[in-house]
Amino acid sequence: MRDRIAALMKRGIALDLLIGLSLKGSGAVASFGLNLLISRALGAEGVGAYQIALATATLLAVASTIGLDTVVLRSVAVAHRRGDTGMARAAIVRSIRVVATLGTVIGLAMAALAWPMTHLMMDRPELFLPVLIMALAVPMLALVRTISASIRATGSVLLSQSLDGISYTGLSLLVLGTLWLASGGVAVLAPEIVYTSACTLVMLFGLARIRTMTRGWPHGEQTVSLKSGLRIMVIYLAAFFCDWIAVVTLGTWHGPAEAGIYRVAVQFGLLFTLVRNSFDQMVGSHIAARYAEGQYRGMLAIARKTGMVGAALCLPLLLVILVVPQWLLGLFGPGFVRGAPALMILAVGQFIAVTVGPIGTVLDMAHREHIAMRIEIGVTVVTIALFLVLIPLFDLTGAAMAITIAIVGRAVALLLANRAFIRAMEQPRPNA
15 MRDRIAALMK RGIALDLLIG LSLKGSGAVA SFGLNLLISR ALGAEGVGAY
65 QIALATATLL AVASTIGLDT VVLRSVAVAH RRGDTGMARA AIVRSIRVVA
115 TLGTVIGLAM AALAWPMTHL MMDRPELFLP VLIMALAVPM LALVRTISAS
165 IRATGSVLLS QSLDGISYTG LSLLVLGTLW LASGGVAVLA PEIVYTSACT
215 LVMLFGLARI RTMTRGWPHG EQTVSLKSGL RIMVIYLAAF FCDWIAVVTL
265 GTWHGPAEAG IYRVAVQFGL LFTLVRNSFD QMVGSHIAAR YAEGQYRGML
315 AIARKTGMVG AALCLPLLLV ILVVPQWLLG LFGPGFVRGA PALMILAVGQ
365 FIAVTVGPIG TVLDMAHREH IAMRIEIGVT VVTIALFLVL IPLFDLTGAA
415 MAITIAIVGR AVALLLANRA FIRAMEQPRP NA
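The sequence shown begins at 15 in our numbering and counts up one residue at a time.
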């Protein structure tokens, strides 16, 4: 019987990975298409302006979730497996309410600070309106992340992954592509306006699905830990902050075009990231279940096997990028080719991140997010220092070098933390 259950769970994990990767892959294709369209219509400057505004909104959206997207996944996954739909409903409702409130406040703050950021801090007045418009997307992006995690925790992988990423990006590509074909061009602020509108539509659809899904579930006790959420938020925020500071620093010192070229190079690296993130999200509930059952080495086994599968999938992509980086970037225009060294460096770093597997998720699902938080804070401080040294010397190649060094350092630290966690859990405990 145990063998049958184990086989079913393995098939369940494999199916979740396949669905998640397929949808994340579709989202990456849509994101590539969107950036390609913007680059053809508005050039590197247009891509840079859009990406600086988007990176700022994404960073603040992550802050708005205060880690509750991960906390609700962890809580609801366990409660739902136990049949406690009341507890699951309470966790979902509480998380959505908190995130909606914070997202609105932080989005308004971004709008209020758009002028000082673009005029005083960056001395780039042309970025004011893109940043201002994208501020409206902050609460929408935060809610979509939380809604997607809530739905995924109940086992609805296809729906949850359809909401987060491919939906609003694909819709934006469809609308902008239609406008381009119809009029032969795209207005300067069209990418920001269309993207924000698409996020709003997806968020409203997600809320409707949550209401339908939880209809009839009883009211239970609230189990969401804001303290845990804050720790997890710091982990995610640190990673997004590094991405944001790289784009903003390049845009400030070298102009939006330099930031646009860098972001296109990063876009290819995101193909590795989508494999890693989709696998992380899909195995999160399974790792949480192993922890609840006391199968600590089983948690690491899932992470290790997931990393091996991810490496196998990403190896052909790595080889292509290392062999023909100029050709790949040339698809976006001749001006993007000079980002080839940065593209190759980023690809190597992202491949390493995929290979080590979702080891950060193991700590999160085991309620050891404080350990991962400390690691991320240390990595972020080092990365910012590297940016300040390497970007003035090597421009966007320096930014890629800093990111890759940070990826390797984070992987080593998380691997050591996971081994220490397993040893601590397996030590015999004295009788009470």
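Beta carbons are placed, not taken as given, at the ideal position from N, Cα and C, and that holds for glycine. Fair warning: this is a prediction, and the values are worked out from it, not measured in the lab.
Gly97 to Ala306 span [Cα, whole Å]
C-alpha of Gly97 to C-alpha of Ala306: approximately 15 Å in a straight line.
Should Pro130 go down as buried or exposed, given a rule of 16 or more other Cβ atoms within 10 Å for buried?
Flag for Pro130 reads exposed.
Given a cut-off of 8 Å on the beta-carbon distance, is the pair Ser181 and Val216 in contact?
Yes.
Helix, strand or coil: which one does DSSP assign to Pro153?
In the three-state reduction of the DSSP assignment, Pro153 falls in the helix class.
Taking Ser53 as the reference, give the member of Thr99, Pro205, Leu428 with the closest Cα.
Residue Pro205 is the option with its Cα nearest to Ser53.
Pick out whichever of Gly265, Ala427, Asp257 has its Cα sitting closest to the Cα of Val280.
Closest option to Val280, Cα to Cα, is Asp257.
Simplified DSSP state of Pro232, which is helix, strand or coil:
Correct three-state label for Pro232: coil.
Pop quiz: Val289 and Ala273 are said to be a contact at Cβ under 8 Å. What is the actual Cβ separation, rounded to whole angstroms?
Contact flag wrong, Cβ pair sits at about 25 Å.
Close beta carbons around Thr394, own chain, < 7 Å, minus the five adjacent residues each side:
Leaving aside the five residues that flank Thr394 on each side, the residues in its chain whose CB is nearer than 7 Å to its CB run, in chain order, Ala252, Phe255, Cys256.
Exposed or buried, what is Gly356 when buried is set at 16 or more other beta-carbons lying within 10 Å of its beta-carbon?
The sequence given here places Ala at residue 356; Gly does not occur at that position. By the 10 Å Cβ count, Ala356 comes out buried.
Please classify Asn432 as buried or exposed, where buried requires at least 16 other C-beta atoms within 10 Å of its C-beta.
Buried.
Is the separation between the beta-carbon of Leu284 and that of Ala413 shorter than 8 Å?
Not a contact, by the Cβ cut-off of 8 Å.
Quick one: what does DSSP say Ala201 is sitting in, helix, strand or coil?
Here Ala201 sits in coil by DSSP.
Per-residue burial, Ala315 [other beta carbons within 10 Å of its own, 16 or more giving buried]:
In the assembly as shown, Ala315 is an exposed residue. Its beta-carbon has fewer than 16 other beta-carbons within 10 Å.
Check the C-beta distance from Gly462 over to Ile275 and give it rounded, since I have them as a contact under 8 Å.
This structure gives no information on residue 462, because the portion of the chain shown stretches from 15 to 446.
According to DSSP, is Phe408 helix, strand or coil?
For Phe408, the secondary structure class from DSSP, reduced to helix, strand or coil, is helix.
Which same chain residues end up closer than 6 Å to Gly60 when comparing Cβ atoms and leaving out the 5 residues on each side of it in sequence?
So the qualifying residues of the chain are Ile52.
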